[in-house]
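Quick note on the numbering used here: the sequence shown kicks off at 3 and runs consecutively.
From the three backbone atoms N, C-alpha and C, an ideal C-beta is built for every residue, glycine too.
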Amino acid sequence: MSITSGTPRMIENKLHRIREGFERRRDAINKINFTYKRLQDMLPVLMKRLGPPVSHALARQHREDRAINERLWRIALEHGQPPGPCICEEGGALIEEVHHADRATRPSGRASAIIHSLMQVRIFLIRTWARLISELHIDDHPEFRKEAIALQQREADQHRELVTLGLAMEDAVHRQAGDRLMA
Numbered sequence: 003m004s005i006t007s008g009t010p011r012m013i014e015n016k017l018h019r020i021r022e023g024f025e026r027r028r029d030a031i032n033k034i035n036f037t038y039k040r041l042q043d044m045l046p047v048l049m050k051r052l053g054p055p056v057s058h059a060l061a062r063q064h065r066e067d068r069a070i071n072e073r074l075w076r077i078a079l080e081h082g083q084p085p086g087p088c089i090c091e092e093g094g095a096l097i098e099e100v101h102h103a104d105r106a107t108r109p110s111g112r113a114s115a116i117i118h119s120l121m122q123v124r125i126f127l128i129r130t131w132a133r134l135i136s137e138l139h140i141d142d143h144p145e146f147r148k149e150a151i152a153l154q155q156r157e158a159d160q161h162r163e164l165v166t167l168g169l170a171m172e173d174a175v176h177r178q179a180g181d182r183l184m185a
């Protein structure tokens, strides 16, 4: 059934649903782009302030964020929905939490606090990718949907890397505390 078949009311309803879907996709694309842009600004600063292995992980995340956002731009542009300017309150607040973890935490706990704050940013991005994917119907946007799913999986890999790093850091702290008790 085409968009022009049916009664005028049916056509109006179809057009309304198409516009709403377009706006929801645009909102998700803009929020994802906003958050990646803020991460691109913040991660290099954090890399300089933290030592290995955290700085190495953040360098990998920085490169991956750039690649993911470039692919988002490419596929969104190909489908007529390039990212536009926006203010993403939730993404911005989560980035501020990372900044706060960097500035307000004692040096001994800074890396762990930053990792945990970044995990929250990654969860937000995974959820926002999911919202975008839910608006990309397989019949209407198969290539865009496939690419968005692949990019969401890459984002999930970034989150897993942070979880693994955070657990390794906690294990090291516990081992050191145990060694002190045994000494």
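Contacting residues, own chain, Cβ-Cβ under 8 Å from residue i (five flanking each side not counted)
i: Q42; result: H64, D67, R68, N71
i: R28; result: Q83, G86
i: R40; result: G93, G94, I97
i: R62; result: E163
Identity of the residue in the options nearest residue i by Cα
i: L74; options: F146, V165, Q160; result: F146
i: A170; options: S114, E80, R40; result: S114
i: L120; options: G168, K16, I34, N32; result: G168
i: E22; options: A152, E163, L134, L48; result: L134
Coil, strand or helix - residue i by DSSP
i: P46; result: helix
i: T9; result: coil
i: H81; result: coil
i: L169; result: helix
i: L41; result: helix
i: L52; result: coil
Residues near residue i in its chain [Cβ-Cβ closer than 6 Å; skip 5 each side]
i: R124; result: Q160, H161
- prompt: Which runs of the beta strand (DSSP E) fall wholly inside the segment 95–155 and span at least 3 residues, in chain order?
  reply: none
- prompt: Below 8 Å, can you find three or more Cβ-Cβ pairs linking the segment 88–105 to the segment 155–166?
  reply: no
field: Inter-stretch contact at 8 Å, needing at least 3 Cβ pairs: the segment 39–59 / the segment 134–153
entry: no
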